[in-house]
Structures are given as structure tokens and as C-alpha cells.
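Read top to bottom, the protein sequences are chains Y and R.
Counting in the working numbering, the first sequence runs from 2 upward without gaps.
Counting in the working numbering, the second sequence runs from 38 upward without gaps.
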Amino acid sequence: MSLESLQNYIQRNPGLADVPIVIVNGIALSPRQCVFYLKKGEMVQEITSALQAAKIDPPEDEEWKLLEAYYARKSVTPGFPSVISIPPYIINMPISEILKHIRARDEIGRFLLKSQIGLMEEIRKGV
Amino acid sequence: MLLSIRPDYDIATRYSQHWLLPVVKEARRIGIEVVDLYGKNANRRNFDYYSKGAKFIVGTGHGSETTYTGQNKEILLEAGVNERVVSGKDVYLFSCLTGAGLIPSLYFSGNARQAIGFSEEYTWLAVPPYDPSQDKYGSTFGDLAAYIGIKLLHGKSARDTAMLAKARADELISYWKKQDDPAADEVIKWLIHDRDAIVAYGKSGSVETPYSISVAPKPFVFPPLAAIVAGIGTILMFC
Numbered sequence: 002m003s004l005e006s007l008q009n010y011i012q013r014n015p016g017l018a019d020v021p022i023v024i025v026n027g028i029a030l031s032p033r034q035c036v037f038y039l040k041k042g043e044m045v046q047e048i049t050s051a052l053q054a055a056k057i058d059p060p061e062d063e064e065w066k067l068l069e070a071y072y073a074r075k076s077v078t079p080g081f082p083s084v085i086s087i088p089p090y091i092i093n094m095p096i097s098e099i100l101k102h103i104r105a106r107d108e109i110g111r112f113l114l115k116s117q118i119g120l121m122e123e124i125r126k127g128v
Numbered sequence: 038m039l040l041s042i043r044p045d046y047d048i049a050t051r052y053s054q055h056w057l058l059p060v061v062k063e064a065r066r067i068g069i070e071v072v073d074l075y076g077k078n079a080n081r082r083n084f085d086y087y088s089k090g091a092k093f094i095v096g097t098g099h100g101s102e103t104t105y106t107g108q109n110k111e112i113l114l115e116a117g118v119n120e121r122v123v124s125g126k127d128v129y130l131f132s133c134l135t136g137a138g139l140i141p142s143l144y145f146s147g148n149a150r151q152a153i154g155f156s157e158e159y160t161w162l163a164v165p166p167y168d169p170s171q172d173k174y175g176s177t178f179g180d181l182a183a184y185i186g187i188k189l190l191h192g193k194s195a196r197d198t199a200m201l202a203k204a205r206a207d208e209l210i211s212y213w214k215k216q217d218d219p220a221a222d223e224v225i226k227w228l229i230h231d232r233d234a235i236v237a238y239g240k241s242g243s244v245e246t247p248y249s250i251s252v253a254p255k256p257f258v259f260p261p262l263a264a265i266v267a268g269i270g271t272i273l274m275f276c
């Protein structure tokens, strides 16, 4: 994984550039944020190691935190609906309520986590 | 004859019934007679009556590992109970979880000629005002749902249809990856989920997911042993 390959990935896949995929120094980082720090020369070793480790066996607790970070950012992303449905489980639910399910790690939270892991794996194998 | 079943009574069925319209239109276009059970007509009485003359059964509605339901969740098909109504037919149930039990049972019990469905919930991103004809995110998932039915109508085997559908899902994922849209990642997430849940069973081979059978958490009606052995033989032939 290099800065160049990350930049290429973001350029080719803007739709996946802002999904948090690793936690570095307590911060959930997306591919775009990784590029930001790498360009500045900050946390270079930590980001590189975290990306490599995430491809192998990421701890479940970190995956939960990344899921929470993902929807927390969606709640303030311009253009992302504040209320969504993900039939059949989630019907007309505000993002703030989705976050409550994730924090409670209940059935809806676990359902979301499983799919989020699929999304993160898709990104991690590409970066 | 194509028997189409399209209940419409909540947000999920509002979308899913709309998404099967292209299958109905395509059948008519290529000269296949259609009986379209929409809304309150998607009931058990009509299903039992019209399924007799059908070659294809394409239905949406809520489902579980063992049941497929019509309007207001009336059970239309139940594993081990009334599977004979699909005898000799091509069945596509665009319905959550049926691929984890009912779909393989329809085939392995010696009834359906071939059967396709989803081993997990078919899940999508829908946004207010929940109009399936205007929802740009939802329509992507409708594309995939209709694609399967249309391929079956055109004589593709269940196995080939499933493989083509997974490839179609990959095309849709690639499209959304390139979009600088605030919900592109959310769309991709559920496309991956749905793609991986497609299962198919038929004489030309089967397509299963890693978790379609082995992790089915709820009661599963097992087919007769002979059917299981025959099914495994079919699967191994095409591995």
C-alpha cells in the first residue's frame, strides 16, 4: 500500500472514498483521510500498519467503531438523507436512531455490522 | 404462462411489486401469456388456481426460510406443505430468506424444475417519499431483481441466471463506485449483500452462498434423503 495506490483508488472509486476502514490513534479513517495524513507525512507508519492489519483479521470491536463512525458521518454529510429505509429491517428511520441501534449492538446493529464488514472488505482488498 | 405475484401493502412490497413490472412486460413482449396477481389478488386462492397452468412462477412478497407470502403476509407457499403446486415449473421468488430453505426444498423435493431466490433478506436503500418510480437509489436494486426474472423467461438455466445476476450486480457496483454521490457507498453495501445471497437450484447445477444452508438459524424442512443425495450429485458435477 502506497500513497500513490491510495490516490489512484480514490480517483477510480470516489463512491467509496469516505468509508471509514481503519482506526489509527483512536481516529476512524477513510481512504481519503488516509491520503490526507500521508500527504502531510503524519502517522505514516501507523496508517500503513493499520491498513495491512485490517486486511487480515480486524478485531470486531474496531469494526463496530468503524460502523458507528460511518453513520455518524452520514448524519452530517450534505445530500445524504436524514431519514432512510433499508427494507425489510429498517423502515423510515432517522440516522440518529440507527446510531442508537449500533451503540446498543442489538439485532439491527448486528445486521448493519455484517453488511458493513462486506463493504469494508471490498475497499480493503482494493487499496 | 407466467404467473406473476405482486402484493402491495407496505414500503417493501411497494418497491418490490414495482420492480417486477419489467418481467411482466418482457413476458408479454416475447409472447408469453401472463396472469398478474397484483395487490389483493395476490392471495392463496388465486395462487392455487392459476399456478396449475403456469410454466413460470415469479413472485415477490415477504418470506422466511420456510414460507413465501402474498398480500398481507398470507402464506402462499410453505416448505413441506404445498410444494406440489410448483411441480415442473421454473420458480423465482424475489422474497427474503426463501433461498435458505424453501427454494432448495422446492427443488430437492422433486417439484420445481428449477428455483432461484435469496438466502438472506433482499435489502436496499430507499429514501422518502418512497416512490419506487422516482427513487434513484432504489431503482438500482430493482434492476437486479427484474434481471433475474427476465433471464429465466428467456430460457436460461437457474444456474446460469444466478451467475449472470451476480455479474450484473458487479456491474451495478462498479457503476456506483464511480459516482461521487453521498449515498453511493450505502448503495454498494447492500448490492454486495444481495449479490452474495443469490441462490439457484436446478438440473444444470446449483449456486449457493457460503452461508445459505449451513448457517440457516431457524427450522429448516429437510428434503427426503434420496433427494439430498441426488442434489449433492448435481452440485458436485458442476463444481
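Idealized CB from N, CA, C, for every residue including glycine.
Which same chain residues, not among the five before or five after residue i, have their C-beta less than 8 angstroms away from its C-beta?
i: Y:Q46; result: none
i: R:V60; result: L39, S41, V95, A183, G186, I187, L190
i: Y:S6; result: V128
i: R:I210; result: I225, L228, I229, R232
i: Y:L4; result: V36, L39, K40
DSSP state of residue i, grouped into three classes?
i: R:M38; result: coil
i: Y:G16; result: helix
i: R:T104; result: strand
i: R:F259; result: Only weak support exists for where R:F259 lies, its pLDDT of 43 falling under 50; the coordinates are left without a value.
i: Y:T78; result: coil
i: R:I67; result: coil
i: R:Q216; result: coil
i: R:Y129; result: strand
i: Y:A29; result: strand
i: R:S241; result: coil
i: R:G96; result: strand
i: R:Y75; result: strand
i: R:I187; result: helix
i: Y:S86; result: strand
i: Y:P59; result: coil
i: R:V236; result: strand
i: Y:N93; result: strand
For residue i, which option in the options has the closest C-alpha, if you only look at C-alpha atoms?
i: R:Q54; options: R:H99, R:E223, R:S211; result: R:H99
i: R:R205; options: R:R232, R:L134, R:Y87, R:N80; result: R:R232
i: Y:S97; options: Y:L114, Y:Y71, Y:R111; result: Y:Y71
i: Y:M44; options: Y:L68, Y:I57, Y:S6, Y:I28; result: Y:I28
i: R:G239; options: R:R81, R:W56, R:A152; result: R:A152
i: Y:W65; options: Y:T78, Y:S3, Y:P21; result: Y:P21
i: R:G192; options: R:K92, R:E111, R:S170, R:D218; result: R:K92
i: Y:I91; options: Y:E123, Y:A55, Y:F112, Y:E69; result: Y:F112
i: R:S194; options: R:A49, R:R150, R:R82; result: R:R150
i: R:D180; options: R:R43, R:T50, R:V123, R:L57; result: R:L57
i: R:A128; options: R:R196, R:A221, R:S176; result: Note that residue 128 of chain R corresponds to Val in the displayed sequence, not to Ala. Answer by Cα proximity: R:R196.
Distance cutoff 9 angstroms, beta carbons only. Does residue i sit that close to anything in chain R?
i: Y:K75; result: yes
i: Y:T78; result: yes
i: Y:I99; result: no
i: Y:V20; result: yes
i: Y:R13; result: yes
i: Y:S116; result: yes
i: Y:I109; result: no
i: Y:E63; result: no
i: Y:K120; result: Reading off the sequence, residue 120 of chain Y comes out as Leu, not Lys. Closer than 9 angstroms to some Cβ of chain R, the Cβ of Y:L120 qualifies, so yes.
Comparing the C-beta of residue i with each C-beta of chain Y, is any distance below 9 angstroms?
i: R:T160; result: yes
i: R:K226; result: yes
i: R:W213; result: yes
i: R:E245; result: no
i: R:H230; result: yes
i: R:A204; result: no
Take residue i and list the residues in its own chain whose beta-carbon comes closer than 7 angstroms to its own, dropping the five residues that flank it on each side.
i: Y:I11; result: A18, P32, R33, V36
i: R:Y46; result: Q108, N109
i: R:E63; result: I187, L190
i: R:M200; result: V244
Which residues in the same chain as residue i place their Cβ atom closer than 6 angstroms to its Cβ, once the five residues preceding and following it in sequence are excluded?
i: Y:A51; result: V23, V25
Complete runs of the beta strand (DSSP E) confined to the segment 115-181 of chain R [at least 3 residues]: Runs found: 127-131, 151-155.
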